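Student: Going line by line, the protein sequences match chains A and B.
So the first sequence is numbered by the UniProt record's numbering: it starts at 1 and just counts up by one.
So the second sequence is numbered by the UniProt record's numbering: it starts at 1 and just counts up by one.
For each residue, glycine too, the CB sits at the ideal point set by N, CA and C.
Keep in mind it's a predicted model, so treat the numbers as computed, not measured.
Number of protein chains: 2
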Amino acid sequence: MASADGDSGETRLLLATQAEVVAGIDRLFDQLLSVPADPRERLYQAMRHAAIAGGKRLRPLLVRAAGDLFHVDHRVSLRVGAAVEAMHVYSLIHDDLPCMDDDDIRRGKPTVHKAYDEATAVLAGDSLHALAFEWLCDPATSADPFVRSELCCELARAAGPAGMAGGQMMDLAAETSDFDLRTVTRLQQLKTGALIAFSVEAGAILARIPPEGRTPLRGYARDIGLAFQIADDIMDVEGDEALAGKALHKDDAAGKATFVTLMGLERAREQATALVDQAIAHLSGYGEEAALLRAIARYVVERDH
Amino acid sequence: MASADGDSGETRLLLATQAEVVAGIDRLFDQLLSVPADPRERLYQAMRHAAIAGGKRLRPLLVRAAGDLFHVDHRVSLRVGAAVEAMHVYSLIHDDLPCMDDDDIRRGKPTVHKAYDEATAVLAGDSLHALAFEWLCDPATSADPFVRSELCCELARAAGPAGMAGGQMMDLAAETSDFDLRTVTRLQQLKTGALIAFSVEAGAILARIPPEGRTPLRGYARDIGLAFQIADDIMDVEGDEALAGKALHKDDAAGKATFVTLMGLERAREQATALVDQAIAHLSGYGEEAALLRAIARYVVERDH
């Protein structure tokens, strides 16, 4: 899944861990979303359609990598990863709706409102949204209620109007507004950055690292979040729809300001690389235990989908 | 707002407390949903449109009444009431969408997708959903992280596919299925019962009453939840649209099985009254401190909207 860098140890570590996380998330979703024998069957099938077997699982991978810094049990970081991924999948289902981005294909499959119907898609998204919190605040996530409550609080902030949902609202406004670089940066920090930041911070929360001890991780998350979005904007221009598993070239068609339209391809590429270097520099206080976080930072801009 | 029973002390208590809760919830929403000066302004305006100045605030009233049993600070029960009400309002916004129940009027005003647009309605609902959790797990709700995490967990269960969202899915299926009384009862326990049950139980959670001490309250909540829905079905047949502030006579038009179509008006009315008596009987272990809960139980079937 990662590209370039050939067979360096870091790439091998990334590929192996990503494969483990991808399989673990699918297994967990399969258990947590088992289909009831009642009229809600269609709702669960729709959630499974969107949640299982798809995506790079970047957010669960970040929970795992950040948790590894503090020796968090892999089963615990996987569980929190499933909660973050459920939140991410819900946002994809709603963003794909006809009244939003109106997309037919996601992760190489029909979107939920295409495979099922719009009402089921709204409710499948709403259900995954609630389940993310249910899974987080279950004692199976942490025996420590302080940890559970802090996870819920941070996830709620990352998902709400000051996070993902607010960012999507700005994204809709972007089609009819003339946003400058500062506003596009803020839009992306909300729309994708907040959940990426939560994923990284969750590893530290699980280990009860106090807020002041999380500063380097916050810097890392902010930088890779922006680098990720710049790379996404570049892929929207240059990418291969078959590999991406979704429609591309949409921003340009909509006349929307993106990092690429505002900076040009070359400067956008340079900026993404600079952000990755800066993200890695934030980890200078850590040794080998941060190898995975470093590898993810590079992967974020080198991936081909 | 309450009807019948004339000027008994119980009705006076209900009216006075409801007025206090209604004003308190509006005040809290006004503070918690203050509009930012950025492109998310429309999102916040849409949330305010749906959340402020509307509704009977039954759920916050239940949090307050149950909290009163255990001397919970009124500011705290109001805050938790705002979180439950946010969850309720989000569900109304999404249920009203064209792809769901397709309603134009709610609480006497245009629905959010009519006053704004569909995308904004989806995101306003999503935002209130996340905010409910954000407000609950804030230390301002309780200094005790165990209380915060339990509130989040119970609210997530009440909102998700095994609660409100699952019930709405069953409700959509009801239009094309031939549900029997058992299935309609289960549908309503999920769709409206779960959040009503949470509202009552939250009062006990705030006072750290352990689950085994909450049995009478659970019985009370189950009974008034069903009575509330039976009364709603009766109003859908007999009610006044102007008073209800929403479209009525929709179930019949859709050929949907309801308590009224399955039991007939007379038996439905008897059943609602029997449930209220049973709900009040669950409170026999409590004295004067449960007067408000008793008054709410009667109000639930006697209200005219």
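1) What does residue 138 (chain B) touch in chain A if you count any residue whose Cβ is under 7 Å from its own?
2) Quick one: which residues of the region 110-136 of chain A get their C-beta closer than 9 Å to a C-beta of chain B? List them in chain order.
3) Is the CB of residue 43 (chain A) under 8 Å away from at least one CB in chain B?
4) Which word fits residue 31 (chain B), buried or exposed, when buried means at least 16 other C-beta atoms lie within 10 angstroms of its C-beta?
5) Could you please give the first and the last residue of the uninterrupted alpha helix (DSSP H) stretch that includes residue 285 (chain A)?
6) Tell me whether residue 109 (chain A), by its Cβ, gets closer than 7 Å to a heavy atom of the ligand GDP.
7) Start and end of the alpha helix (DSSP H) containing residue 98 (chain A)?
8) As a quick exercise: from A:167, A:185, A:8, pick the residue whose alpha carbon is nearest that of residue 262 (chain A).
9) By the criterion of Cβ-Cβ separation under 7 Å, what are the contact partners of residue 94 (chain B) in chain A?
10) Taking just the CA atoms, how far does residue 47 (chain A) sit from residue 124 (chain A)?
11) For residue 6 (chain A), I'd like the list of residues in its chain whose CB is within less than 6 Å of its CB, leaving aside the five on either flank, ordered along the chain.
12) Which residue marks the beginning of the alpha helix (DSSP H) containing residue 22 (chain B), and which one marks its end?
13) Okay, do the region 78-85 of chain B and the region 136-148 of chain B touch, 3+ Cβ pairs below 8 Å being the bar?
14) Measuring alpha carbon to alpha carbon, tell me which residue in B:288, B:173, B:189 is nearest residue 256 (chain B).
15) May I ask you to list, following chain order, the residues of the region 149-177 of chain B that have a beta carbon less than 7 Å from some beta carbon of chain A?
16) Using a Cβ-Cβ cut-off of 8 Å, state whether residue 70 (chain A) counts as contacting chain B.
17) Note down, in chain order, every chain B residue with its Cβ under 7 Å from the Cβ of residue 97 (chain A).
18) Applying the 10 Å Cβ sphere with the 16-neighbour rule, what's the burial state of residue 191 (chain A)?
19) Give me the chain B residues within the contact set of residue 211 (chain A), using Cβ-Cβ distance strictly less than 9 Å, ordered along the chain.
20) Nearest chain A C-beta to residue 60 (chain B) closer than 8 Å, yes or no?
21) Sorted by chain position, which residues of the same chain lie with C-beta nearer than 6 Å to residue 246 (chain A)'s C-beta, five sequence neighbours on each side aside?
22) Please confirm if residue 198 (chain A) has its CB atom under 8 Å from at least one CB of chain B.
23) Pull out every residue of the region 206-237 of chain B whose Cβ sits closer than 8 Å to any Cβ of chain A, in chain order.
24) Considering just the uninterrupted stretch of the alpha helix (DSSP H) at residue 270 (chain B), what are its terminal residues?
25) Just the Cα atoms here: how many angstroms apart are residue 291 (chain B) and residue 51 (chain B)?
26) Please confirm whether residue 40 (chain A) has its beta-carbon closer than 8 Å to some beta-carbon of chain B.
27) Check for me: the alpha helix (DSSP H) holding residue 129 (chain A) runs from which residue to which?
28) Would DSSP call residue 191 (chain B) helix, strand or coil?
29) What does residue 100 (chain B) touch in chain A if you count any residue whose Cβ is under 9 Å from its own?
30) Report yes or no: is there a C-beta of chain B within less than 8 Å of the C-beta of residue 29 (chain A)?
Tutor: Working from what's here:
1) 153
2) 113, 117, 118, 119, 120, 121, 122, 123, 124, 125, 126, 127, 128, 129, 130, 131, 132, 133, 134, 135, 136
3) yes
4) exposed
5) Element bounds for residue 285 (chain A): n/a, residue is neither H nor E.
6) Absence of the ligand GDP is noted for the structure shown, with no ligands found whatsoever.
7) It is not in any alpha helix (DSSP H) - residue 98 (chain A) carries neither H nor E in the DSSP assignment.
8) A:185
9) 122, 126
10) 5 Å
11) Only weak support is given to the placement of residue 6 (chain A): the predicted model assigns it a pLDDT of 45, under 50, and the question is left unresolved by the model.
12) 9-32
13) yes
14) B:173
15) 149, 152, 153, 156, 157, 159, 160, 161, 165, 166, 168, 169, 170, 172, 173, 177
16) no
17) 122
18) buried
19) Residues of chain B passing the Cβ test: none, with the nearest at roughly 13 Å.
20) no
21) 105, 106
22) no
23) none
24) 265-281
25) 28 Å
26) yes
27) 118-136
28) helix
29) 118, 119, 122, 123
30) no
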